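First up is the structure itself, then whatever we jot down about it.
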Amino acid sequence: MTAFSSASRLQPLQPPSPPIPPALEGYLKKLKRKTSILSGGYNTRWFFVDTKRLEFGYSKTKATNASRSSIYLNDITAVVQFDDLKFQVESKTRNFFLCGESKACTSCWVQSLEEYRRNFIDYIKARAVWEAGNASLRMESDAACQATKDGITNQGIKNPGFIGTITSQDCDDQSEHRIPIESIKGGSKQFQTQDEDHPGPQSRMDQRKRPMNAWD
């Protein structure tokens with residue numbers, strides 16, 4: 009297998025796909041700020057997952073123009089369930105202590121958010137592997153291409169005619185694609201002088217072929 013064929017077969021790896029965020033929305037009770045779990049009161053808020061902006065947040069009402077407070081969905085570090093109704097969403101910036109309207113409601117929120125969090129961690133790991141693999145492929149491809157160039161150059165030095173086969177056949181062609189044979193190291197200059205004082209290669213060959221009596 010040649011270096012050129014090896015380089016042509018090096019294909020970049022396909023990047024991993026990010027996880028799909030859960031489409032969740034509904035009313036949950038949120039623990040008031042600066043209050044304890046045991047003695048604090050709750051406010052009912054409309055919670056949602058914005059699948060386009062990748063946000064988890066809430067507003068006072070379901071209205072689309074209502075003021076929102078949210079965190080980045082990918083910043084969630086843990087989803088902890090305490091009992092059938094109560095759970096906490098922890099993030100890098102703030103925490104939400106919440107209470108579902110039913111056991112099924114709480115279970116749906118906890119499982120969906122936790123599953124997305126784990127899938128996002130797996131995606132980050134897979135992307136790191138993908139980036140490292142593509143970097144390795146680029147290095148191999150560059151090395152293979154360089155080996156191909158070196159092989160062509162070395163072949164041309166050992167056999168000037170090899171380079172000549174890829175140059176223009178017209179001796180008068182002065183285009184940038186023409187490579188002079190005499191510019192290659194080790195290449196011999198061929199002179200076409202045929203005068204008596206400086207016999208060319210062909211005339212010397214003819215002399216060697218002549219019989220001895222041909223000089224009389």
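So the sequence shown is numbered by this note's numbering: it starts at 9 and just counts up by one. We treat Cβ as the ideally placed atom computed from N, Cα and C, and that holds for glycine. Fair warning: this is a prediction, and the values are worked out from it, not measured in the lab.
Item	Value
G108, buried or exposed, once every other Cβ within 10 Å from all chains shown has been counted against 16	buried
Distance, W54 Cα to V137 Cα	39 Å
DSSP state of E75 mapped onto helix, strand, coil	One detail in the question is off: residue 75 reads as Ser in this sequence, not Glu. If DSSP states are grouped into helix, strand and coil, S75 belongs with coil.
Reference T59; option with closest CA among D83, N142, I28, A74	I28
In DSSP terms, what Q96 is bridged to	V88, F105
A6 versus F56: straight-line alpha-carbon distance, rounded	There is no way to answer for residue 6, as the model of the chain reaches only from 9 to 224.
Inter-residue CB distance, V87 and L121 (contact presumed, cutoff 8 Å)	5 Å
Residue burial classification, N73 (beta-carbon count within 10 angstroms, cutoff 16)	exposed
Extent of the continuous beta strand (DSSP E) to which G65 belongs	63-67
Member of C113, F90, R126, P24 whose CA lies at the smallest distance from the CA of L32	C113
Start-to-end residues for the beta strand (DSSP E) that takes in R41	No beta strand (DSSP E) holds R41; DSSP gives it neither H nor E.
Helix, strand or coil at T59 [DSSP, three-state]	coil
Buried or exposed (CB count within 10 angstroms, at least 16 for buried), F64	buried
DSSP-derived helix/strand/coil call for K70	coil
Beta-bridge partners of E33, as assigned by DSSP	F56
CA-to-CA distance, N127 to I84, given in whole angstroms	12 Å
Proximity of F104 and V97 at Cβ, strictly below 8 Å	yes
Pick from S77, L106, K100, S67 that is closest to T43, judged by C-alpha positions	L106
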